[in-house]
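Residue numbers (the working numbering): 23 to 292.
This is how it looks when you write it as structure tokens:
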């Protein structure tokens, strides 16, 4: 199988010690789970890691796939410029994916790059992965305001193009959960917040990806979630495959939900 698996991970900057300066210890359960997920992904030895980030370039009606041969970034925005990540892009896979998406009537490609630097939604998962594995190229994809179905089809295109160019790939669905878990949190409380986290962890923990479409956009908006569309694209990339799903952790210590799950491909779905 070209797609070896995927991981669902959050991207709070303070999880990095140079940013958290001790506060990260309050989410140690998430850190431990993150390391487990990164080790799992490393064990698949992918040629290419596809990163789906809500903080990459985003358009309402277009999926931006980062162009060029390489990119880098740092966490200077969060007070830690010394934490740097550099990646090489899989230009062949990017080109094929852009073409396949257009063939499926999904507007996606490398046009409209506004920000070349890597975003924290990309860097934080790769910071963890780089502890265990560095021999990979990257495809970085932003999300869009298009329907969930378009995100899912984009995921299917990722799977198909990986097969066409003989790549072993892993997919990272980067995204925090609800930002409305606690009244004393930075974004306040909304009853949809805890409900979103409970439901998404149930769905992803079982790998029941079809239920991702049961979350209305209005509900997700009220819950102020960040990663739902990332998870839908990742689900599309795992379409038709037999997947072993495992929930590793969930925390809402700071009023924002952090969930970690892994999805290992075992073969073609029966």
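Note that the Cβ used here is the ideal one computed from N, Cα and C, for glycine as well.
- By the 16-neighbour rule on beta-carbons within 10 angstroms, residue 194 is buried.
- Excluding residues up to 5 positions away in sequence, 26, 158, 190, 191 and 192 lie with their Cβ nearer than 7 Å to the Cβ of residue 68 in the same chain.
- For the beta strand (DSSP E) assignment, the uninterrupted runs of no fewer than 3 residues enclosed by the region 146-219 are, from N- to C-terminal side, 159-164 and 191-196.
- For residue 97, the enclosing beta strand (DSSP E) starts and ends at 92-97.
- Boundaries of the beta strand (DSSP E) around residue 109: 102-110.
- Residue 134 is a Cβ neighbour of residue 86, given a cutoff of 7 Å.
- Of the residues 245, 238 and 221, the one whose Cα lies closest to the Cα of residue 211 is 245.
- Assignment of residue 51 by DSSP, reduced to helix, strand and coil, places it in the helix class.
- A distance below 7 Å separates the beta carbons of residue 40 and residue 102.
- Assignment of residue 84 by DSSP, reduced to helix, strand and coil, places it in the coil class.
- With 16 or more neighbouring CB atoms inside 10 Å of its own CB, residue 55 falls in the buried class.
- Close CB contacts of residue 58 within its chain, under the 6 Å cut and outside five residues either way in sequence, are with 270 (chain order).
- Our two residues, residue 273 and residue 225, have alpha carbons roughly 16 Å apart in a direct line.
- DSSP places residue 273 in no alpha helix (DSSP H) but in the uninterrupted beta strand (DSSP E) bounded by 263-273.
- Of the candidates 279, 65 and 188, the residue whose Cα lies closest to the Cα of residue 153 is 65.
- Linking residue 81 to residue 239 through their CA atoms gives a straight-line distance of about 17 Å.
- At the C-beta level, residue 178 and residue 112 stay beyond 7 Å of one another.
- A distance below 7 Å separates the beta carbons of residue 256 and residue 28.
- Nearest to residue 180 by C-alpha distance, out of 196, 162, 167 and 201, is 162.
- Pairing residue 117 with residue 164, the inter-Cα distance amounts to about 15 Å.
- The DSSP-derived three-state label of residue 235 is helix.
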